[in-house]
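In the UniProt record's numbering, the protein residues as written are 1 to 328.
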Amino acid sequence: MKRYANESAISEELTDEERKLYDRQIRLWGLDAQKRLNKFRVCVAGLTGLGAEVAKNVILAGVARVVLLDHKTVTGEDLHSQFMVTPDDVGKNRAHSSLRYARRLNPMVDVSAAGEDILSKHDDFLKSFDMIVVCDMIPTQKIFEFNDLCRKHNVKLIVGHVLAGLGFFMSDLMTFRYVQETVIHLKEGKKSRHEEKSEEFPPLREILNAKFVNKKSGGALNKRSCRLAFQFHLLLAHYEKVSTAPKAKEELAKFVPEVANRLEVDEDRFAVDSLDELLKMEPNPIAAIVGGVLGQEVIKVASQNSKPFCNVFLFDGDNCVGTAELFK
C-alpha cells in the first residue's frame, strides 16, 4: 500500500540545481517532502491581494505547476494589496497582469495564466490539478456545486477571502494522509518516531451548514464564542444575495436576523458595530498574514509531513489574532 498519495514522486531525484535552490527547505522539511512538492499542481483562482500572496508562497516553495486564473480586471483598489500588478495594469486582466512578476519568483516552476472564471471550468481542467485555491468570494451555492465537482475528481479545495479587518479560509482536504514526527525523550537522548495518520474533512456544504448550538444541552451552550465565526457567516450571506463586497457595515447588518435564525444564536453575537466602517478594501497586511497561513497549508498538503489546521481559519485584523476552528 502506498504511504503517500503521490509516493511515485519520492523515487524521482532532484537535479543538482533544484537541490541548490531548495537547500534551506530540504533542511527544514526533508528531501522526500521537497520531492512531493516538486510534483504538486496548484490553481490559484482570484488574483486578489490574498491570491497574490498565496501564489507567491507556493511558487517559492517549489511546486511543479501554478496556474493563475482570474476573469476580472485590475482596478485602482487592487493596487493597495496586489503587489504583482502596477498602475499601468489597471483595466487589464488580473491574472495575465500578474504573470510576469510570478514567473520571476522561481524559474523552475511552470507558471501560466488564464483570464477565465473558475466556475466555468469543468472536468478536464480540474483533473489536471492536485489542489485549487479560490481567493475571491463567490456565492455559497456555487461554492457547494464547485466543491462537489472537485470531490468527484479528488481535487482538494481551499476558499479564502480578506475584507477590511476580517480574513478567513475554509478547507476541504477530503481524506488527508500524512506522517507526523514525534520526538521521544529518553535517558540516552532523543529519538524520533514517524507515525502515519489521516484526517477526514467534510464538504464545504457541511461546514457552512454547521449549527452553533449544542442541542444535547437543551440549546443553552454555544459551541463557539468567537465573533469572527458569526461575522464570517454574515459575510457569506451577503455574497449569496448581493454577489459583491459590502461597502459599509450597515449593509451586513441587514442580514443579521436571517443568519442568526439559521445558526440559532442571538443577534448580538455578530457584533456588527465592531466591523470597520468601510468594508470594501483589502488591506495588504491582512492579506499578507492570511496568505502566509494559507500558503503554508498548501505546503503541508503537498509535502504530506504535518497535520493541517482545522477546516476554518479566521483572522481578526483589529486584534491581530488568528483562530483555527472546526466546523462540522
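Idealized CB from N, CA, C, for every residue including glycine.
Remember, it's a predicted structure, so these values are computed and weren't measured experimentally.
Nearest to Cys226 by CA position, among Lys20, Leu31, Asn319, His96, is which residue?
-> Minimum Cα distance to Cys226 is reached at Asn319.
At 3 residues or longer, and completely inside the stretch 142-183: list those beta strand (DSSP E) runs for me, N to C.
-> Restricting attention to beta strand (DSSP E) runs no shorter than 3 residues, the stretch 142-183 encloses them at 156-163, 166-172, ordered along the chain.
Can you tell me which of the three DSSP states Lys190 falls into?
-> It is a strand residue.
Identify the continuous beta strand (DSSP E) that holds Val134 and give its terminal residues.
-> Counting along the chain, the beta strand (DSSP E) containing Val134 begins and ends at 131-134.
Can you grab the Cα-Cα spacing for the pair Met170 / Ser120, in whole Å?
-> Taking the straight line joining both Cα atoms gives about 21 angstroms.
Between the CA atoms of Val256 and Asn6 - distance to the nearest angstrom = Note that Asn6 scores 47 on pLDDT, short of 50, meaning its location in the model is unreliable; the coordinates nonetheless yield the value given after this. Rounded to whole angstroms, the separation of the alpha carbons of Val256 and Asn6 is 45 angstroms.
Measure from the alpha carbon of Asp110 to the alpha carbon of each residue in Pro283, Ala61, Thr140, then state which is nearest.
-> Ala61 is the residue among Pro283, Ala61, Thr140 whose C-alpha sits nearest the C-alpha of Asp110.
By the 10 Å Cβ neighbour count, where 16 or more other Cβ atoms means buried, how is Asn93 classified, buried or exposed?
-> Counting the other Cβ atoms within 10 Å of the Cβ of Asn93 gives 16 or more, which makes it buried.
Under 8 angstroms by Cβ, that's how I've got Val44 and Val133 pegged, so tell me the actual separation to the nearest angstrom.
-> Val44 to Val133, Cβ: 5 angstroms. Contact.
Does DSSP put Ser128 in a helix, a strand or coil?
-> Of the three classes helix, strand and coil, the one that applies to Ser128 here is coil, per DSSP.
Hey, Gly165 and Ile289 are a contact pair by Cβ (cut 8 angstroms); roughly how many whole angstroms apart?
-> Actually they are not in contact, since the Cβ atoms of Gly165 and Ile289 sit about 11 angstroms apart, beyond 8 angstroms.
Could you check where the beta strand (DSSP E) with residue 336 kicks off and where it finishes?
-> Residue 336 is absent from the model: the chain starts at 1 and stops at 328.
Proximity winner among Val272, Asn261, Phe232, relative to Gln251 (alpha-carbon distances) = According to the sequence shown, residue 251 is Glu rather than Gln. Among Val272, Asn261, Phe232, the Cα nearest to that of Glu251 is on Val272.
Helix, strand or coil for Asp117 per DSSP?
-> Coil, per DSSP.
Alpha carbon to alpha carbon, how far is Leu99 from Lys56? Give it in angstroms, no decimals.
-> So the alpha carbons of these two residues sit roughly 11 angstroms apart.
Could you give the residue range of the alpha helix (DSSP H) that holds Asp318?
-> Counting along the chain, Asp318 falls outside any alpha helix (DSSP H), and DSSP gives it neither H nor E.
Proximal residues to Glu181 (C-beta, below 6 angstroms), its chain only, five neighbours per side dropped | So the qualifying residues of the chain are Ser192, His194.
Alpha carbon to alpha carbon, what distance is there between Asp32 and Gln141?
-> If I take the Cα positions, the gap works out to 39 angstroms.
Alpha-carbon to alpha-carbon, Lys39 and Val298 = Those two C-alpha atoms are separated by around 13 angstroms.
Note down the Cα distance separating Tyr101 from Gln296, rounded to an integer number of angstroms.
-> Taking the CA atoms as reference points, Tyr101 sits about 20 angstroms from Gln296.
DSSP puts Cys43 in a beta bridge; with which residues?
-> According to DSSP, Cys43 bridges with Val67, Ile132.
Is Arg24 buried or exposed, if buried means 16 or more other CB atoms sit within 10 Å of its CB?
-> With fewer than 16 other beta carbons inside 10 angstroms of its own, Arg24 counts as exposed.
Does the distance from the CB of His153 to the CB of Leu173 come in under 7 angstroms?
-> Cβ distance not < 7 angstroms, so His153 and Leu173 don't count as in contact.
Nearest to Glu264 by alpha carbon, out of Glu196, Ala210, Glu116?
-> Ranked by Cα distance from Glu264, the first of Glu196, Ala210, Glu116 is Ala210.
What's the C-alpha gap between Phe230 and Asp16?
-> Approximately 50 angstroms between the Cα atoms of the pair.
Write down the C-beta distance between Cys135 and Gly51 rounded to the nearest angstrom, noting that I regard them as a contact closer than 8 angstroms.
-> Rounded, the Cβ-Cβ distance is 3 angstroms, consistent with contact.
So what does DSSP say about Ser98, is it helix, strand or coil?
-> Three-state result, Ser98: helix.
Proximal residues to Ala114 (C-beta, below 7 angstroms), its chain only, five neighbours per side dropped = Excluding positions up to five away in sequence, the list reads Val67, Leu69, Ala95.
Through-space distance from Met137 to Ala237, alpha-carbon basis = Separation of Ala237 and Met137 (C-alpha to C-alpha, rounded to the nearest whole angstrom) is 11 angstroms.
Which residues in the same chain as Leu326 place their Cβ atom closer than 7 angstroms to its Cβ, once the five residues preceding and following it in sequence are excluded?
-> Counting only Cβ-Cβ distances below 7 angstroms, and skipping sequence neighbours, we find Cys310, Asn311.
Enumerate in chain order the residues of its own chain whose CB-to-CB distance from Gly46 is below 7 angstroms, with the five nearest sequence positions on each side excluded.
-> Excluding sequence neighbours, Gly46 sits near Asp70, Val134, Cys135, Asp136.
7 angstroms Cβ cutoff met for Gly291 and Val54 | Yes. Within cutoff.
Under the three-state DSSP convention, the category Val109 falls into | Val109: coil per DSSP, three-state reduction.
Between the C-alpha atoms of Met131 and Val42, what's the straight-line distance to the nearest angstrom?
-> Cα to Cα, Met131 sits roughly 5 angstroms from Val42.
Among Glu206, Glu199, Arg262, which one has its Cα closest to the Cα of Phe144?
-> Closest by alpha carbon: Glu206.
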